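Engineer: Structure provided below as structure tokens; questions to follow.
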Amino acid sequence: MLIRKTDPATTTPVDMAGVKDTSMQIMVGRDDGAPNFAMRHFVVQPGGHTPHHQHDYEHEVYIVEGRAEAECDGETAAVVAGDVLYVPANAMHQFRNDSDAPMRFLCLVPVTYDCDKPVPGS
Numbered sequence: 005m006l007i008r009k010t011d012p013a014t015t016t017p018v019d020m021a022g023v024k025d026t027s028m029q030i031m032v033g034r035d036d037g038a039p040n041f042a043m044r045h046f047v048v049q050p051g052g053h054t055p056h057h058q059h060d061y062e063h064e065v066y067i068v069e070g071r072a073e074a075e076c077d078g079e080t081a082a083v084v085a086g087d088v089l090y091v092p093a094n095a096m097h098q099f100r101n102d103s104d105a106p107m108r109f110l111c112l113v114p115v116t117y118d119c120d121k122p123v124p125g126s
């Protein structure tokens with residue numbers, strides 16, 4: 005059994021087009037022997053955001069802390085700690101931290117996706 009704590013201090017900045025003030029930590033992934041899913045921990049700083057993007061796999065998101073605007077296929081909703089989101093495959097989506105405090109979320113994706121690269125899937 006693997007036990008690991010989410011820790012904003014150990015996240016790595018995400019360096020890709022369309023990202024602002026977002027970092028990530030892989031909680032469980034291919035390197036841990038996970039055969040099906042990877043879990044990633046993201047921290048989005050105030051005013052920061054993930055890229056506006058889409059991909060060919062679904063993912064599930066759990067908001068751990070803070071609040072944000074979540075956009076999915078042109079619809080925007082306010083999300084807060086405790087909310088669970090399902091993002092369908094090929095849906096254009098983005099998370100924007102519109103608050104004055106960090107926002108953290110967990111994101112589950114298929115392990116067949118190269119989860120060891122810091123590319124936000126949310």
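The sequence shown begins at 5 in our numbering and counts up by one.
Every residue gets a Cβ at the ideal spot worked out from N, C-alpha and C, and that includes glycine.
All values reported here derive from a predicted model rather than from experimental measurement.
(1) Ends of the beta strand (DSSP E) at H45?
(2) Using DSSP with H/G/I as helix, E/B as strand and the rest coil, what is T14?
(3) Looking at C-alpha atoms only, which residue of A21, A42 and D25 is the closest neighbour of M31?
(4) As a quick exercise: from N94, D77, E73 and H97, pick the residue whose alpha carbon is nearest that of D87.
(5) With DSSP as the reference, please indicate the residues paired to V32 in a beta bridge.
(6) Contact check, F109 vs Y61 under 8 Å by CB: the rounded distance?
(7) Restricting to Cα atoms, I'd like to know which of V91, M28 and R34 is closest to E64.
(8) What's the C-alpha gap between R71 and P12?
(9) Would you mind giving the Cβ-Cβ distance between H57 and G22, rounded to the nearest angstrom? I have them listed as a contact below 8 Å.
Structural biologist: Concretely, from the data shown:
(1) For H45, the enclosing beta strand (DSSP E) covers residues F41 to H53.
(2) Three-state result, T14: helix.
(3) Selected option, being the one with the closest Cα: A42.
(4) Among N94, D77, E73 and H97, the Cα nearest to that of D87 is on E73.
(5) Looking at the DSSP assignment, V32 forms a beta bridge with M43.
(6) Contact flag wrong, Cβ pair sits at about 17 Å.
(7) Per the Cα distances, V91.
(8) Each residue's Cα considered, the two are about 16 Å apart.
(9) Correct: roughly 7 Å between the Cβ atoms.
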